[in-house]
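One structure is given below, encoded as structure tokens.
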Amino acid sequence: MIEIKNLYKDWGAFSLKEINLEIKRGEYFVILGPTGAGKTLLLEMIAGFHSPDKGEIWIDGEDMTTYPPEERNVGFIYQDYSLFPHLNVIGNIRFGPELKGIFKEDIERESNEIMRLLGISHLSHRYPNTLSGGEQQKVAIARAIITRPSVLLLDEPLSALDRRTQDLLREELKWVHQIEELTSVHVTHDQTEAMILADRIAVMMDGRIVQVGAPHDIFNKPLNEDIASFVGVENILEGEIKGKRDGIAIIDVGDIELNAVSDYGEGEVKIFVRPEDILISKKMQESSARNSIRGKIIEMTNFGVVIHLQLDNGLIASVTKLSAEDLKLRIGEEVYASFKATSMHVVKKRRL
Amino acid sequence: MIEIKNLYKDWGAFSLKEINLEIKRGEYFVILGPTGAGKTLLLEMIAGFHSPDKGEIWIDGEDMTTYPPEERNVGFIYQDYSLFPHLNVIGNIRFGPELKGIFKEDIERESNEIMRLLGISHLSHRYPNTLSGGEQQKVAIARAIITRPSVLLLDEPLSALDRRTQDLLREELKWVHQIEELTSVHVTHDQTEAMILADRIAVMMDGRIVQVGAPHDIFNKPLNEDIASFVGVENILEGEIKGKRDGIAIIDVGDIELNAVSDYGEGEVKIFVRPEDILISKKMQESSARNSIRGKIIEMTNFGVVIHLQLDNGLIASVTKLSAEDLKLRIGEEVYASFKATSMHVVKKRRL
Amino acid sequence: MRIKQEKMLIFFCMLSFFILSFIIIVLAEPIFSQFLFGLNDFFSTCRDPEVLSCIGLTIGTSFLATGIACLFGIPLAYILARKEFFGKRMVESVIDLPIMVPHMVAGIALFSVFNRHGMIGAPFSPIIRFFDAIPGIVVAMLFVSAPFFINPVREGFQSVDPHLENVARSLGASEWKAFYKVTVPIAYRYILSGIGMSWGRGISEFAAVLLLAYYPMVASTLIYERFLMYGLAGSRPIAVLLMLICLGIFLSFRSVRR
Amino acid sequence: MRIKQEKMLIFFCMLSFFILSFIIIVLAEPIFSQFLFGLNDFFSTCRDPEVLSCIGLTIGTSFLATGIACLFGIPLAYILARKEFFGKRMVESVIDLPIMVPHMVAGIALFSVFNRHGMIGAPFSPIIRFFDAIPGIVVAMLFVSAPFFINPVREGFQSVDPHLENVARSLGASEWKAFYKVTVPIAYRYILSGIGMSWGRGISEFAAVLLLAYYPMVASTLIYERFLMYGLAGSRPIAVLLMLICLGIFLSFRSVRR
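Protein chains in written order, with the numbering used here: chain A, 1 to 352; chain B, 1001 to 1352; chain C, 2001 to 2258; chain D, 3001 to 3258.
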């Protein structure tokens, strides 16, 4: 368990402001944010590589704020693998246990066990510069978990790998996390990675934690427009709540009325809708639980698996190639974009 | 127009073997291949930065094989922008025309025109190190096209940019290509980029051109398994053609029979199906033009817009979040994976 | 709220302090002693025409040697920065040799080659005299200072991305124009730094000049002669003056370097 | 099927050839002349006990100076490689000063500080004598060779990614252990290179040793004395012998460097 209390750090280009986080034991916790948000700095401060200006870091119920890294019992995995180039794979993996003066036989048994587990036994005598990126990352994982850390910290562990290896190693990470019952803190700027791996996500921007929650909440209910556009909500509508009917808010957006689930009373709001939550059809599909807006397709961009449609009413929808073919969608065609009241997320408009 | 005839080059780790290409005037031609395939080397040889060991390079009907780069009239855009750091934006853009001894007034008019066109007029007195990646790339484009090259060569021009800027600049590239009526050769390892931009694509692997064709053909009808797996065809089935019925081949795959369009007679074949061409349903959807295979979902990976389903029969399908919700797909559920006879691509199995 | 234990760094700082103090004391002590106890000697030295002409000769000959190093060294530095060829490592070693060969040995070698009966001195004797003449000083300085010019310039050329030259070529520049309109302006800080290093090293040289061209006297030889004749009191003012000049050159060239 | 026009490179090669030949001729001529026309002199020199003891003293004192440079220079190099602090650029300049200060000036400065009445020489005179003694030689060598050790070692430490030290710490290593089990082994080529450079520079020094410690004679001083007494014929054999030893050291240390 990690508790971060009111942490501040000014570090040249980066700075952390008022960080408060509680990460539960055994949780896979992802810190998601754009480059330069200070994610790595936060992770390095949990590991003890930098001192905070203010605030406290507790690990497993102990205040570790002033402890040096070697007494914190954390594992750290960098994006660049950071294997010791002068040691072979076994040497890298045994580095930690050998420092702790564990019996030679125990070290040997454990390191063999871990290499077997990660499928890198055949690499044991190779040197890091002869390994592929994915192999290096596996060795880095083995080296970190053999010391049985109470927390595993991962700094963008997948971003230097190609897509195929990313997919494989993502699975590996999830699996190691589960069988070793680790508390993991994973830092990334990749939304997909966060969505797939995380038990909970903290969104970090400009040195602050701006939202914490389950993946589904982060991606479907962002707290503000910045978070929304960062997590890929491409449709941001402005409107005004006119009233409620059966618990469903009636929102006036330009000339049309939309039905949405909202806790707010009347007032100006922003509405977030993800492009993949929009269903494109040729016929109107109106109901109290579903909104339908007419629009003309003005642009179609083929991304392979999905096609992005830009409508003249400003909405962006993504449809599969198959449904685009079935519906015979063409540029200039009139279609209906419909989305459920529950897939709209309504937030109060901030006054500037 | 570019003609490359029987080009060979041995260059240490890279080598080009028997390259033959014909790129038409005004075409947007993409060379797609994995890292290390020799794509950049080929592009640099078209520009004249390296001499071929064998072969010829013709540009606009002239044999330019032995011409130095300054006499070839090609524009070159590198991934790293390669702006001259000691010159400001105007200085960079005017570098080419000034060398050619064009009248000062003409240079001024043209460079202002091009900066306006690309929306970088406000940057004219800034130095490259103060510009963002996207801005730098725009300046590089302006610098290259102001000399009115007969060919524009682009070496992974988008891969150092973030996704949002990639989207914007991809549009910009396509647009500049059209209004300037340029012949463009664009090298990339990104399939989406290739699919969106290309009039035609050449797939390059291990120093050879392995397939040339329209984007649709490359992505749906790869010539062999290597190309198939590189362009994201995740379903590769092995089977045997048993006979034909109404021009549709009957292929025996394990215990089931599939219908496919194929020119081959009987024999062992491989069948490629893209995951996005597979429709998942709860009911069987059999017809002569459609195959349907039963399977149990053993894994669901959420990629945000799409969800990847791994079935126990080995097939991988991608479905949208919406249809996954509508069908209430869960791990362990039995579903039907169906795909059209026309979306299967059948190739002869190579004997090893 | 510091993390505990930074003992190693504190210990390292202490050790570092010793060697830094050593260098600073050795260089500062003569200046302070001179200014405190011999300011008049120092000012009269600054007006001594023999001293001034020797220092002028030193600065001038070293500058000439640096000019020659530029002319021949820039091309060599460029080739080493851009091309791979068989024997490249050997060429690099050859360039570094003048740094590693003891100064006195270099002096003997230069004397052996450039004296009136030497391999180069003899055939050139009707046209140019090296021994005990300005050309001898220049040759001695060139030999010892060449690597100090070539190495930074080469590093400078390496720092210029070849892509920039390629782009310049594709925009219509010949190889010459790409070189002097792109490569040289981008690497100019390194070239200036090389000029400073090489100039300083030329002024610095004593042993080789002592053997090959004792006359006309350069600053180092003059200091040595005054030291032998009048001891520390007679030589230190010139040494301090020369040190201040070198510090000036060093710091002004250093300030342009990144 | 070469692309036309590579005139610039050909011209550059020609210019490069001149300066390379110059260096090679100056260094090779004495060796060849000696071997062709004075092989007996050379062999008798190799057996001359005075010559051998001088060379031995030179190598030994220089090695001692390098040892001291290691002890104090490794911490300094590490701090410069890892930490940012106010005045860092000034510290860097101080380290480079001994390279830029003229050798004779360094000699005067060292003499001024370490002679019997000097700032350091006087208080230490009851315990240790620097003037005309081995400690004087070591101090002179240390002064001129320290930057040649510190600079490559610093570059070496910079080449070690701090992430590696961080990972070592998180695996349970104290800062000491992270330093000697990770940083030093990875940077060892640079450290060896620094030892070689510093050792060579110490052997090389003449001017400072000449002033501070003419006796006991090191190789350079001996060559100079023989040159004054017997001319080229008497001094060249020792110079050639010393050059070969230095080349040996230089090449063997160079071969370990990347």
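We put the beta carbon where it would ideally sit given N, CA and C, even for glycine.
Measuring CA to CA, which of the options is closest to residue i?
i, options, result
"D:V3113", "D:R3002, D:L3212 and D:C3046", "D:L3212"
"A:V319", "A:V231, A:L83 and A:S281", "A:S281"
"A:G295", "A:M205, A:L311 and A:V305", "A:L311"
"C:E2092", "C:P2152, C:V2209 and C:Y2190", "C:P2152"
"A:R163", "A:S292, A:G133 and A:E113", "A:G133"
"C:K2026", "D:L3097, D:W3199 and D:L3192", "Just to set this straight, residue 2026 of chain C is Val in the shown sequence, not Lys. Nearest of D:L3097, D:W3199 and D:L3192 to C:V2026, Cα basis: D:L3097."
"D:C3013", "C:G2087, C:Y2078 and C:P2216", "C:Y2078"
"A:D206", "A:D226, A:I218 and A:H216", "A:D226"
"B:I1031", "B:L1237, B:L1315, B:V1347 and B:M1195", "B:M1195"
Label residue i either buried or exposed according to how many other C-beta atoms from any shown protein chain fall within 10 Å of its C-beta, with 16 as the threshold for buried.
i, result
"B:A1214", "exposed"
"C:N2115", "buried"
"D:V3256", "exposed"
"D:T3226", "It is worth fixing the name first, because residue 3226 of chain D is Arg in this sequence and not Thr. Looking at its Cβ environment, which holds 16 or more other Cβ atoms inside 10 Å, D:R3226 is buried."
"A:N235", "buried"
"A:T342", "exposed"
"A:M344", "buried"
"C:W2176", "exposed"
"B:D1277", "buried"
"D:S3252", "exposed"
Strictly by DSSP, which residues pair up with residue i?
i, result
"B:A1337", "B:I1280 and B:I1293"
"A:Y28", "A:S184"
"B:F1076", "B:L1153"
"A:V203", "A:L32 and A:Q211"
"A:A260", "A:A249"
"B:S1318", "B:H1308"
"B:D1167", "According to DSSP, B:D1167 bridges with nothing at all."
"C:W2176", "For C:W2176, which the question treats as bridged, DSSP gives no partner whatsoever."
"B:K1009", "B:L1016"
"A:H345", "A:F272"
"A:N302", "A:I307"
"B:W1058", "B:E1003 and B:D1063"
"B:K1244", "B:A1249"
At a threshold of 7 Å, does residue i count as lining the ligand GDP (C-beta to nearest heavy atom)?
i, result
"A:V176", "This structure lacks the ligand GDP, and indeed carries no ligand of any kind."
Just verifying my parser: in three-state terms, what is the DSSP assignment at residue i?
i, result
"C:R2258", "A caution first: C:R2258 carries a pLDDT of 48, below 50, which makes its placement in the model too unreliable to give a value."
"A:H122", "helix"
"B:S1147", "The sequence shown places Thr at residue 1147 of chain B, rather than the Ser named in the question. Coil."
"B:Q1285", "coil"
"B:I1331", "coil"
"A:V253", "strand"
"A:D403", "Absent from the model: residue 403 of chain A. The displayed extent of chain A is 1 to 352, so no value can be given."
"A:T65", "coil"
"C:M2008", "helix"
"B:N1235", "strand"
*Taking Cβ-Cβ distances below 8 Å as the criterion, which residues of the segment 2159-2171 of chain C are in contact with chain B?*
Residues D2161, H2163, L2164, N2166, V2167, A2168, R2169, S2170 and L2171.
*Going along the chain, which residues of the segment 271-299 of chain A sit with their C-beta nearer than 9 Å to a C-beta in chain B?*
Against chain B - using a Cβ distance shorter than 9 Å - the residues of the segment 271-299 of chain A are R274, P275, E276, D277, I278 and L279.
*Along the segment 1039-1051 of chain B, what residues have a CB closer than 7 Å to any CB found in chain D?*
With the criterion set as a beta carbon lying under 7 Å from some beta carbon of chain D, the members of the segment 1039-1051 of chain B are G1048 and S1051, in sequence order.
*For the segment 3186-3199 of chain D, enumerate the residues whose C-beta is nearer than 9 Å to any C-beta of chain C, in chain order.*
Taking 9 Å as the Cβ-Cβ cut-off against chain C, the residues of the segment 3186-3199 of chain D that qualify are G3196 and M3197.
_Members of the segment 68-84 of chain A near chain C, C-beta cut-off 7 Å_ = Within the segment 68-84 of chain A, the qualifying residues are P68.
*Relative to chain C, which residues along the segment 1086-1103 of chain B have a C-beta separation below 7 Å, given in chain order?*
From the segment 1086-1103 of chain B, only H1086, F1095, G1096, L1099 and K1100 have a Cβ closer than 7 Å to chain C.
*Check distances from the C-beta atoms of the segment 2018-2046 of chain C to those of chain D and list, in chain order, the residues that come in under 8 Å.*
Contacts with chain D (Cβ-Cβ distance below 8 Å) from the segment 2018-2046 of chain C involve F2018, I2019, L2020, F2022, I2023, I2024, I2025, V2026, L2027, E2029, P2030 and S2033, listed in chain order.
*Closer than 7 Å, Cβ to any Cβ of chain B: which residues of the segment 316-331 of chain A, in chain order?*
Within the segment 316-331 of chain A, the residues whose Cβ lies closer than 7 Å to any Cβ of chain B are, in chain order, S318, T320, K321 and L322.
_What are the residues in the segment 99-132 of chain A lying within 7 Å of chain C by C-beta distance?_
If the cut-off is 7 Å between Cβ atoms, the segment 99-132 of chain A has nothing near chain C.
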